[in-house]
Every structure is written in C-alpha cells, then in structure tokens.
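Sequences listed follow chains A and B, in order. Counting from 577, one number per residue, gives the positions in the first sequence under the working numbering. Counting from 222, one number per residue, gives the positions in the second sequence under the working numbering. Heads up, the thing below is written out as structure tokens.
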Amino acid sequence: MSGGRETKIAIQGLEVSYHGRRVLGGIDLHIPRRSLVCLVGPSGCGKSTLLMILNRLLDTVPHASWRGRVTLHLDDGRCWDLATLPARQLVELRRKVALVFQQPSLLPGSIQDNVAFPLRLRKAPAEQVRTKTRQALELVGLWDEVKGRLDQRAEELSGGQQQRLCLARALVMEPEVLLLDEPTSFLDRALARRVESLLLEQRRRRTVVVVSHYSDRLQDSADLVFELNAP
Amino acid sequence: MSGWRERVAAALAWFCGWLVLAAVLVLLGFLLYRGWGSLSLRLIFGQTDPWAALTLSQRVLEGLFPALAGTVLVVLLSVGWALPVGIAAGIYLAEFAGRRFKALIGLCFDLLAAIPSIVIGLFGLTVTIFLHRIFWPSLGPCLLVSAFALGILVLPYLVRTTQLALEGCPLLLRQTGLTLGASGLQNLWQVVLPQSLPRILGGVILSLGRAAEDTAVIMLTGVVATAGLPESLLDRFEALPFYIYYLSAQYSGPEELRSIFGAALLLLLICSFLFVAAHLCRRLLARRWGVG
Numbered sequence: 577m578s579g580g581r582e583t584k585i586a587i588q589g590l591e592v593s594y595h596g597r598r599v600l601g602g603i604d605l606h607i608p609r610r611s612l613v614c615l616v617g618p619s620g621c622g623k624s625t626l627l628m629i630l631n632r633l634l635d636t637v638p639h640a641s642w643r644g645r646v647t648l649h650l651d652d653g654r655c656w657d658l659a660t661l662p663a664r665q666l667v668e669l670r671r672k673v674a675l676v677f678q679q680p681s682l683l684p685g686s687i688q689d690n691v692a693f694p695l696r697l698r699k700a701p702a703e704q705v706r707t708k709t710r711q712a713l714e715l716v717g718l719w720d721e722v723k724g725r726l727d728q729r730a731e732e733l734s735g736g737q738q739q740r741l742c743l744a745r746a747l748v749m750e751p752e753v754l755l756l757d758e759p760t761s762f763l764d765r766a767l768a769r770r771v772e773s774l775l776l777e778q779r780r781r782r783t784v785v786v787v788s789h790y791s792d793r794l795q796d797s798a799d800l801v802f803e804l805n806a807p
Numbered sequence: 222m223s224g225w226r227e228r229v230a231a232a233l234a235w236f237c238g239w240l241v242l243a244a245v246l247v248l249l250g251f252l253l254y255r256g257w258g259s260l261s262l263r264l265i266f267g268q269t270d271p272w273a274a275l276t277l278s279q280r281v282l283e284g285l286f287p288a289l290a291g292t293v294l295v296v297l298l299s300v301g302w303a304l305p306v307g308i309a310a311g312i313y314l315a316e317f318a319g320r321r322f323k324a325l326i327g328l329c330f331d332l333l334a335a336i337p338s339i340v341i342g343l344f345g346l347t348v349t350i351f352l353h354r355i356f357w358p359s360l361g362p363c364l365l366v367s368a369f370a371l372g373i374l375v376l377p378y379l380v381r382t383t384q385l386a387l388e389g390c391p392l393l394l395r396q397t398g399l400t401l402g403a404s405g406l407q408n409l410w411q412v413v414l415p416q417s418l419p420r421i422l423g424g425v426i427l428s429l430g431r432a433a434e435d436t437a438v439i440m441l442t443g444v445v446a447t448a449g450l451p452e453s454l455l456d457r458f459e460a461l462p463f464y465i466y467y468l469s470a471q472y473s474g475p476e477e478l479r480s481i482f483g484a485a486l487l488l489l490l491i492c493s494f495l496f497v498a499a500h501l502c503r504r505l506l507a508r509r510w511g512v513g
C-alpha cells in the first residue's frame with residue numbers, strides 16, 4: 577500500500593481508553609512520508625482520537641489514556657517515540673504535526689491575529705508574517721474574501737470561511753505532518769473540491785492524514801485508506 | 222396540568238424579576254428625592270474654592286471632599302494590591318493546583334468570603350497592634366492598614382471569579398492554542414486569559430463595589446470623622462460610608478440629614494463611575510478579542 581516508500585509515522589499495537597473503557601485497540605499502521613492517508617470508519621470509532629495521539633493532544637483530554645508504540649520519523653533524521661516523548665518537546669512536536677479540528681476553533685481576536693498566531697509565537701518578522709498570512713489565505717481561497725477586513729473579528733466569518741481560516745492557520749506553520757478532521761464538512765461542493773485539490777497538492781510537501789466521511793475524491797486519490805471499526 | 226404549572230412558574234419568575242427591579246428603582250428614587258436637593262459643589266467643597274481644594278492649596282473644612290477623596294483612595298489602594306494577588310491565585314487554582322489542594326484552598330477562600338467584615342476589620346487592627354509592638358512603633362490605624370484589610374475582604378471575589386473564568390474556557394480553545402505550537406504558558410497568556418478577561422473584570426467590578434461600600438473594616442483600621450486629606454499612607458482618613466454611618470447615628474437637624482442623603486448619593490455616583498469604567502474596559506476587551 578505504501579509502495580515501499582519511507583515511513584513517516586509508524587503505529588504498532590495502539591490502544592486508547594476513556595475512563596478505563598477501551599475505545600480503540602489493535603491499531604497497526606504505517607504512514608508513508610509525503611503521502612495522503614484517509615482514515616474512515618463509522619462515527620465514534622476513534623478516528624479523531626487517533627489524530628489527537630499523533631501530536632499528543634490526547635494528553636489534554638481528561639480520563640483518556642493510551643498505550644502502544646507510535647514513532648515519528650522527522651525530516652532532519654531524528655526519530656521520536658511519542659509515548660515517551662518528554663513534555664518539554666511537545667511544543668516542537670505540535671509545531672511539526674499540526675492538527676485542524678472538525679469544528680472551526682477560532683482564537684480570540686481578528687482574522688489576521690488568527691492566521692498569524694503560530695508565526696508570532698515563533699517571533700517571525702512582521703514582513704514575513706504579512707507575506708505568509710497572505711499566501712496561506714490564498715491557498716485556501718479566502719484571501720479575496722477577507723483582504724479588506726483582516727482586522728475584523730474572526731468569529732464574524734461564516735462557518736465555511738472559519739473552517740478555511742483554520743486550515744490556513746495550520747498551513748502557515750509549514751508542518752511536516754498535517755492532520756485534518758473532516759476538513760470539508762462546512763463547505764459547499766465547489767469550495768470542498770478546492771480544498772480537496774489543495775490537500776492532494778500538499779502531499780508533495782508534507783504528510784497529510786485526513787479523517788473524511790464525505791469526500792469520495794479524497795478516498796479515491798489517497799495513497800492509503802485506513803478503515804477503523806467500531807470498538 | 223404541566224401547562225398550568227409552567228404558567229405559574231413563569232408568572233412567579235416574572236414577578237420576582239420585576240420585584241428586584243422595583244426595589245432598585247424605589248431605592249434610587251428615594252435617594253434621589255432626598256439627596257438631590259443637597260447635591261451641590263457646596264456639599265463637596267463647603268466654603269472653599271473648588272479649584273483651590275482640587276489643587277490641594279486650601280483645606281476643605283466643611284464639605285465632603287476629604288471623605289470623597291478618602292473613599293476613592295482606599296478603594297483604589299485595596300483593589301490595587303488585591304487585584305494582582307487575587308488574579309495570580311485564581312490562575313494558580315485553575316491551571317496548576319492539584320485536585321485536593323485546589324479543593325482545600327477553594328474552601329478556605331469560600332470561608333474567607335463568608336467572614337463578616339467586622340471580623341476582617343478586627344484582624345486588620347490586630348495585625349496593626351502586633352506590628353506596632355514588635356516591628357513598627359509608629360504604625361497605627363491608617364489608610365495603609367485599611368487598604369490592606371479591605372483587600373483581604375475582596376480577595377475571595379477576585380480569586381474565585383478568576384478561577385471560574387479560566388475553568389470556563391472551552392477545552393477546544395485550549396487545545397487550539399497548544400496544537401498551533403504554543404507552550405503551556407503562551408497558551409495561558411495569549412489564548413486562555415484574553416478569552417477569560419471579560420469575566421475576570423466582572424469580579425473586579427464586584428470587588429470595587431464591595432470595597433467602596435464597606436464601613437466595618439475601615440472603622441476599625443483607620444477611618445475617622447474628621448481627618449482632612451491624608452498626606453501619606455500612614456495618615457488617618459475620612460470616607461463616605463463612615464460619614465454616612467457616623468452622622469446617621471447622631472444628626473442634629475434636617476440640614477445634616479439632607480447632607481447624609483447627599484453623601485449617600487455621592488457614594489452611589491462614585492460606585493457607578495467605577496462600575497461604568499470597569500464595564501467599558503470589559504466591552505473594549507471583548508471587542509478587541511472577540512469574546513464575552
């Protein structure tokens with residue numbers, strides 16, 4: 577399935593429990609470098625949970641625990657075992673493995689504040705912030721819609737615009753791995769096709785893992801479709 | 222049957238809502254009716270020229286200016302020290318404290334909130350006597366001690382409001398900051414606190430009001446009927462709530478009674494001004510951050 581390509585993420589014997597009840601078990605998956613992988617399965621089977629393990633965001637969820645071996649092979653040659661990765665390296669992990677939630681999750685502030693947030697965290701120069709913000713908004717097809725009102729509150733955007741804003745915000749991070757949970761669920765057909773094309777194009781630069789119920793096109797074009805079953 | 226119950230419950234809720242509103246309106250109306258006539262520059266500055274009083278070049282002997290300034294000073298000083306401490310303690314409880322310690326400290330702050338203000342005043346006085354005997358012989362009841370004691374009085378409001386505001390921040394928002402590469406501290410300063418600030422300011426508004434109206438604490442720790450403007454933090458001072466209390470107990474005629482209502486109206490105006498200022502801050506922040 578991976579066509580002999582180099583592994584980016586290797587998952588072996590992964591098990592996840594909430595309140596001691598197993599919700600995900602026996603997961604073995606090898607995600608090739610610079611590929612697009614679709615996670616599919618019925619609601620509640622643990623697709624979003626699996627994404628949250630890949631950047632250790634599950635640590636923030638109360639009463640959730642997991643075990644197994646998840647290895648991330650970085651572009652600089654390092655190899656991280658996510659289960660034992662120390663807390664001080666989580667920031668670096670999350671800058672390399674970006675996650676976009678299904679529900680648009682806006683930060684307090686303007687459109688500009690939202691997209692520029694990851695760049696400002698890294699203290700990027702103002703000119704770079706402006707350029708990269710614009711590029712990211714253009715990539716998701718939002719620039720023309722918001723270019724005159726970047727200082728407007730982000731929450732005033734429509735649901736579809738908010739979803740694309742969150743995608744743009746993840747893209748400015750230039751992560752090695754991009755995790756997306758139903759990235760087209762708030763979009764009309766034309767915009768959904770545009771985002772799908774963008775994700776298919778992105779796999780040439782980074783590894784893309786998508787949870788997708790709705791997009792046959794993504795599933796058809798994916799390098800790997802991994803089906804999870806209900807627990 | 223259920224429709225009948227719903228109608229009764231709705232009517233009761235409607236009645237109680239209007240009862241509260243009516244009580245507020247009656248109180249305000251009564252105060253305005255009795256105090257409006259005496260509200261004048263003369264009530265505040267007496268025979269002294271207002272400009273001379275404001276520039277501190279002449280003392281005000283008859284007016285309420287020293288009490289007005291004393292009230293503003295003691296409120297700002299007390300909230301000024303309690304605000305950073307209360308917010309920091311609230312942040313600690315919400316973000317860093319362990320479950321058991323949080324429950325224990327939370328209970329302590331709830332108990333502190335329930336302590337009558339006269340007991341807080343007594344505590345302030347006891348601390349003053351202790352310091353006076355052991356470390357600081359020149360220290361007595363004064364503006365500094367009153368501000369310290371009043372700060373203790375409002376501390377639980379600030380701590381609890383901050384804690385609840387932070388704990389009310391949605392998990393998804395916290396996760397968003399983290400997944401964009403923020404460290405725990407960056408997430409707190411740049412995502413969680415801006416989101417919670419409007420609600421924290423609600424606690425500040427409550428504290429301002431509580432500090433401005435309290436008489437029992439300052440009565441034991443530094444306020445007197447006639448002191449003039451305090452020249453330092455170690456001076457005694459005058460305050461409107463105490464003026465109202467003191468004069469109400471022994472007024473000698475309708476003129477003094479009118480000035481009591483005038484003082485009450487002034488106190489209400491100061492509180493309203495502080496409330497409005499805090500409310501404007503909250504709206505400004507809400508607009509800036511898109512929250513609230």
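Positions of the beta carbon are idealized from the N, C-alpha and C atoms, including for glycine. Here the structure is a predicted model, which means the values were calculated and not measured.
For Gln396(B), the neighbours in chain A by C-beta distance under 9 Å run, in chain order, Met628, Leu633, Thr636, Val637, Leu675, Phe677 and Ser681. Taking a C-beta distance under 7 Å as the contact criterion, Leu743(A) and Val716(A) qualify as a contact pair. For Leu605(A), the enclosing beta strand (DSSP E) begins and ends at Arg597 to Pro608. In this structure, the beta-carbon distance from Asn408(B) to Gly424(B) does not fall below 7 Å. Annotation: Leu754(A) to Leu605(A) spans about 17 Å, alpha carbon to alpha carbon. When Cβ-Cβ separations below 7 Å define contact, Ser404(B) makes contact with chain A. Rounded to the nearest angstrom, the gap between the Cα atoms of Ala806(A) and Tyr594(A) is 15 Å. Only buried fits Cys492(B), as 16 or more other CB atoms lie within 10 angstroms of its CB. Counting only the Cα atoms, Leu333(B) lies some 29 Å from Ser359(B). Annotated as distal: Leu346(B) and Leu260(B), with beta-carbon spacing of 7 Å or more.
From the beta-carbon of Gln416(B), the residues of chain A found nearer than 7 Å are Pro684.
Classified as exposed, Arg354(B) has fewer than 16 neighbouring CB atoms from the shown chains inside 10 Å of its CB.
Residues Ala370, Ile373, Leu374 and Val438 of the same chain have their beta carbon placed closer than 7 Å to that of Ile341(B), with the five preceding and five following residues left out of the count. Chain B has no Cβ within less than 7 Å of the Cβ of Phe762(A). Between Phe693(A) and Leu682(A), the gap from beta carbon to beta carbon reaches 7 Å or more. At a Cβ-Cβ threshold of 7 Å, Val599(A) and Gly617(A) do not count as neighbours. Below the 7 Å Cβ cutoff, chain A contributes Leu633, Thr636 and Arg670 as neighbours of Leu399(B), in chain order. For Leu726(A), no Cβ of chain B is located within less than 7 Å of the residue's own Cβ. Under the 10 Å beta carbon count, Ser428(B) is surrounded by 16 or more other beta carbons and is classified as buried.
For Lys699(A), the secondary structure class from DSSP, reduced to helix, strand or coil, is coil. Rounded to whole angstroms, Gly224(B) and Gly238(B) show a C-alpha spacing of 21 Å. Closer than 7 Å to the CB of Val413(B) there is not a single CB belonging to chain A. Contact with chain B is absent for Leu612(A), since none of that chain's Cβ atoms lies less than 7 Å from the residue's Cβ.
Chain A has no Cβ within less than 7 Å of the Cβ of Leu314(B). At least 7 Å separates the beta-carbon of Gln795(A) from that of Val786(A). In the DSSP annotation of this structure, Gly589(A) is not part of any alpha helix (DSSP H); the continuous beta strand (DSSP E) holding it starts and ends at Thr583 to Tyr594. Cα atoms of Leu661(A) and Arg706(A): separation of roughly 34 Å, rounded to the nearest angstrom. Excluding the 5 residues flanking it on each side, Leu352(B) has same chain C-beta neighbours closer than 6 Å at Leu360, in chain order. The Cβ atoms of Ala310(B) and Val413(B) lie no closer than 7 Å to each other. Along the region 370 to 393 of chain B, going in chain order, the ones with a CB nearer than 8 Å to a CB of chain A are Leu392 and Leu393. Proximity of the region 749 to 764 of chain A to the region 772 to 789 of chain A meets the contact definition, three or more beta-carbon pairs being nearer than 8 Å. At a cut-off of 7 Å between beta-carbon atoms, Pro608(A) makes no contact with chain B. If you look at Gly644(A), you'll find it in the beta strand (DSSP E) that goes Ala640 to His649. Between Pro451(B) and Leu364(B), the alpha-carbon positions lie close to 8 Å from each other. Interface residue (Cβ-Cβ distance to chain B less than 7 Å): Val691(A) is not classified as such. Beta-bridge partners of Thr783(A) (DSSP): Val753(A).
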